[in-house]
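Residue numbers (this note's numbering), protein chains in the order written: chain R, 2 to 136; chain A, 2 to 136; chain F, 2 to 136; chain P, 2 to 136.
Positions of the beta carbon are idealized from the N, C-alpha and C atoms, including for glycine.
A quick write-up on the structure given underneath.
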């Protein structure tokens, strides 16, 4: 996996995100990863809701998550992101580190595509924004 | 409170809905109440998403929930509904009973209004559907 | 309502918290209110999960929420809290304001009690912490 | 992938599970998959919360989800499960089919392990229950 992260977002576990085992529920990490991707979009000048309103749907095709270490109530953590273009796919490498000791908690890989007016395609807007950001 | 229920929906607690106290998280009951209202809409021939697509937004103006008894993992329960029209408001009395012993767990009152093309108003479609259903 | 807030927390709407109407789902405001209460507990030196582990359950008895204005994707907002003791009840007045224009979005009142080792009671720890904080 | 399913659960999309794109949010499928696994546990005579109370934690180590087709508000769907033991791992193949036309929507693979009193291990109870069920 490519560890050259290009964006990071710091967040904190909220108690309601924990389940009866007293740890963050597995599905909630997808919320964290999605929110971090959408904040990354903001950082490069784009907005998920705006893109959708313009007929550009960013759609997740595949998610792979390795759960290495559970986050606990009130834990602070950092979501680090790299984004690699593979054909028409955007592959987001998204890892979550616990803030206190930088321990790797989640290794995530999220593959997304663009659906423009109902067709799988490529968004110039999105491509250019990512390329400009990486420079 | 009016206990003459006109609709009921049976559901079951899912483990991910429970928080670190091992009980259903308080916010989740609003999910249950919303889902029961939308299933009630179906029962009277309407659909929340369709109404929205037609420019009829059903909007919650006020929620009051009394928490009497916590639901636990795997508990079966019934959401019972009455709906009373008060001016342009739709007042939903929604109570949740545990299935095993019919114990009252939640006493809810949800006040909703219609926003039609951006203006507070009354939906003939919705009014007639509820009146026909009550006959 | 008492508007002399004693604590506030700034948050931001996450896209996954919005429903098909494109606005924050009604139940999510309870997540915001709960998270703000628990951060308030931290501010006064207490922790929800720790209290639970010690046998002190803070339990919500009643929630009243007036929805005045919907929050939209990426909106920044502030949850402001006052807490008043009424007998053994802790009444939290919790209002949500949109950051951009300080518009009042949510007027909330959450009544909580303590259950200590299974019995309704009063937690000296909690009472003193709140009183000290208010000084 | 092994398509010899041994358990299935029928569910229905709830409106609050849909996001601003008007489709089920990606993270929610993990809720569906978890709930289906826990209902499968019930079917073989075990309970997630009970196991946890006994010191047996079932922990997800890895999740892989292929998103083939989005579910929409009110869609009925079926989660089909196969479970294969690989060393100390329990590999759940979990696919989601839309009810109306049996279209494959989600291809999921969830790898779980047991943590017993804090140590990675194998639960006789769980193993025997699954083996008995398959007979």
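Member of P:63, P:100, P:88 and P:92 whose CA lies at the smallest distance from the CA of residue 78 of chain P: Position 77 of the fourth chain, counted from the start, is the residue given in the question as residue 78 of chain P. Ranking the options by Cα distance to residue 78 of chain P, first place goes to P:100.
Proximal residues of chain F, C-beta to C-beta of residue 67 of chain A below 8 Å: Here residue 67 of chain A refers to the residue found at position 66 of the second chain. Per Cβ cutoff of 8 Å: 62 and 63.
Assigned exposure category for residue 37 of chain A - 16 Cβ within 10 Å defines buried: What you label residue 37 of chain A is simply residue 36 of the second chain in a count that begins at 1. When all chains shown are included, residue 37 of chain A counts as buried.
Cβ shell of residue 70 of chain R (< 6 Å), same chain only, five flanking positions each side left out: Position 69 of the first chain, counted from the first residue, corresponds to residue 70 of chain R. Closer than 6 Å at Cβ, skipping near neighbours: 104 and 106.
Cutoff 7 Å: residue 2 of chain F Cβ touching any chain A Cβ: Here the question's residue 2 of chain F lines up with position 1 in the third chain. Summary for residue 2 of chain F: the model assigns pLDDT 43, below 50, so the residue's position carries little reliability, and this model does not support an answer.
Simplified DSSP state of residue 25 of chain P, which is helix, strand or coil: If you number the fourth chain from 1, residue 25 of chain P lands on position 24. It is a strand residue.
Where residue 70 of chain R sits in the DSSP three-state scheme: Taking the first chain and counting its residues from 1, the one referred to as residue 70 of chain R is at position 69. DSSP places residue 70 of chain R in coil when its eight states are reduced to three.
Proximity below 7 Å, CB of residue 25 of chain P to CB of residue 18 of chain P: Indexing the fourth chain from 1 puts residue 25 of chain P at position 24. Indexing the fourth chain from 1 puts residue 18 of chain P at position 17. A contact, by the Cβ cut-off of 7 Å.
Residue 18 of chain F in three-state terms, based on DSSP: Counting from one through the third chain, the residue named residue 18 of chain F turns up at place 17. Residue 18 of chain F: helix per DSSP, three-state reduction.
contact_flag[the region 119-129 of chain F, the region 48-58 of chain P] where n(CB pairs < 8 Å) is 3 or more: no
Backbone CA spacing between residue 11 of chain R and residue 46 of chain F [nearest angstrom]: To locate residue 11 of chain R, count along the first chain from 1; it is residue 10. To locate residue 46 of chain F, count along the third chain from 1; it is residue 45. Residue 11 of chain R and residue 46 of chain F: Cα-Cα distance of roughly 23 Å.
Cα-Cα separation between residue 29 of chain A and residue 28 of chain F, rounded to whole angstroms: For the purposes of this step, residue 29 of chain A is taken as the residue at position 28 of the second chain. For the purposes of this step, residue 28 of chain F is taken as the residue at position 27 of the third chain. C-alpha separation (whole angstroms): 7 Å.
Between the CA atoms of residue 128 of chain R and residue 14 of chain A - distance to the nearest angstrom: For the purposes of this step, residue 14 of chain A is identified with residue 13 of the second chain, where counting begins at 1. For the purposes of this step, residue 128 of chain R is identified with residue 127 of the first chain, where counting begins at 1. Looking at the two C-alpha atoms, the distance is approximately 43 Å.
Within chain R, the residues that residue 17 of chain F reaches when beta carbons sit closer than 9 Å: By 1-based counting over the third chain, the position of residue 17 of chain F is 16. Within chain R, the residues near residue 17 of chain F are 31, 32, 35, 36 and 39.
Beta-carbon proximity check, residue 60 of chain F vs residue 114 of chain F, cutoff 7 Å: Reading the third chain from its first residue, position 59 is the one you call residue 60 of chain F. Reading the third chain from its first residue, position 113 is the one you call residue 114 of chain F. In contact: residue 60 of chain F and residue 114 of chain F (Cβ atoms closer than 7 Å).
Residue burial classification, residue 109 of chain P (beta-carbon count within 10 angstroms, cutoff 16): Position 108 of the fourth chain, counted from the first residue, corresponds to residue 109 of chain P. By the neighbour-count rule (16 or more Cβ atoms within 10 Å), residue 109 of chain P is buried.
Residue 2 of chain R versus residue 80 of chain R: straight-line alpha-carbon distance, rounded: If you number the first chain from 1, residue 2 of chain R lands on position 1. If you number the first chain from 1, residue 80 of chain R lands on position 79. With a pLDDT of 43 at residue 2 of chain R, under the threshold of 50, the modelled position of that residue is not reliable, and the figure given next carries that caveat. About 15 Å.
Range covered by the alpha helix (DSSP H) that runs through residue 45 of chain A: Taking the first residue of the second chain as 1, we reach residue 45 of chain A at position 44. No alpha helix (DSSP H) holds residue 45 of chain A; DSSP gives it neither H nor E.
Residue 91 of chain F versus residue 22 of chain F - alpha carbon distance: Translated into the one-based positions of the third chain, residue 91 of chain F becomes position 90. Translated into the one-based positions of the third chain, residue 22 of chain F becomes position 21. In a straight line, the C-alpha of residue 91 of chain F is about 34 Å away from that of residue 22 of chain F.
As assigned by DSSP and simplified to three states, the class of residue 32 of chain P: Translated into the one-based positions of the fourth chain, residue 32 of chain P becomes position 31. It is helical.
Chain R contact residues for residue 22 of chain P, given Cβ-Cβ distances below 8 Å: To locate residue 22 of chain P, count along the fourth chain from 1; it is residue 21. Chain R residues near residue 22 of chain P: 53 and 58.
Whether residue 116 of chain A touches residue 40 of chain A by CB criterion (7 Å): Position 115 of the second chain, counting from 1, holds the residue named residue 116 of chain A. Position 39 of the second chain, counting from 1, holds the residue named residue 40 of chain A. In this structure, residue 40 of chain A does not lie closer than 7 Å to residue 116 of chain A by Cβ.
Inter-residue Cα distance where the pair is residue 86 of chain P and residue 98 of chain R: Numbered from its first residue, the fourth chain carries residue 86 of chain P at position 85. Numbered from its first residue, the first chain carries residue 98 of chain R at position 97. Straight-line Cα distance between these residues: approximately 30 Å.
Residue 102 of chain P classed as buried or exposed, judged by whether at least 16 other C-beta atoms fall within 10 angstroms: The residue given as residue 102 of chain P occupies position 101 in the fourth chain. Result: exposed.
Chain-ordered chain A contacts of residue 26 of chain R [CB-CB under 8 Å]: If you number the first chain from 1, residue 26 of chain R lands on position 25. Simply 17.
Pairwise C-alpha distance: residue 5 of chain R and residue 49 of chain P: Numbered from 1 along the fourth chain, position 48 holds the residue referred to as residue 49 of chain P. Numbered from 1 along the first chain, position 4 holds the residue referred to as residue 5 of chain R. Residue 49 of chain P and residue 5 of chain R: Cα-Cα distance of roughly 39 Å.
Contact set between residue 48 of chain R and chain F, taken where Cβ atoms lie within less than 8 Å: The residue you call residue 48 of chain R lines up with position 47 of the first chain. Neighbours of residue 48 of chain R on chain F, chain order: 74 and 75.
Rounded separation between residue 8 of chain F and residue 76 of chain R - CA only: The sequence position of residue 8 of chain F within the third chain is 7, counting from 1. The sequence position of residue 76 of chain R within the first chain is 75, counting from 1. Going from the Cα of residue 8 of chain F to the Cα of residue 76 of chain R covers about 21 Å.
Classification of residue 89 of chain A by the beta-carbon crowding that lies within 10 angstroms, buried from 16 upward: Taking the first residue of the second chain as position 1, residue 89 of chain A is located at position 88. Label assigned to residue 89 of chain A: exposed.
Exposed unless 16 or more other CB atoms sit within 10 angstroms - verdict on residue 133 of chain P: Here residue 133 of chain P corresponds to residue number 132 of the fourth chain, with the count starting at 1. Exposed is the call here.
Option nearest residue 83 of chain F by Cα separation, candidates F:42, F:32 and F:20: The sequence position of residue 83 of chain F within the third chain is 82, counting from 1. Comparing Cα-Cα distances from residue 83 of chain F to each of F:42, F:32 and F:20, the minimum goes to F:42.
Residues that DSSP places opposite residue 83 of chain A in a beta bridge: The residue you call residue 83 of chain A lines up with position 82 of the second chain. In DSSP, residue 83 of chain A forms a bridge with A:94.
Residues near residue 62 of chain P in its chain [Cβ-Cβ closer than 8 Å; skip 5 each side]: As a working note, residue 62 of chain P is residue 61 in the fourth chain. Around residue 62 of chain P: 90, 112, 113 and 114.
Neighbour-count burial assignment, residue 118 of chain P, 16 or more Cβ in a 10 Å radius: Locating residue 118 of chain P in the fourth chain gives position 117, where the first residue counts as 1. By the 10 Å Cβ count, residue 118 of chain P comes out exposed.
Span separating the alpha-carbon of residue 65 of chain A from that of residue 31 of chain A: In the second chain, the residue the question calls residue 65 of chain A occupies position 64. In the second chain, the residue the question calls residue 31 of chain A occupies position 30. If you take the alpha carbons of residue 65 of chain A and residue 31 of chain A, they lie about 10 Å apart.
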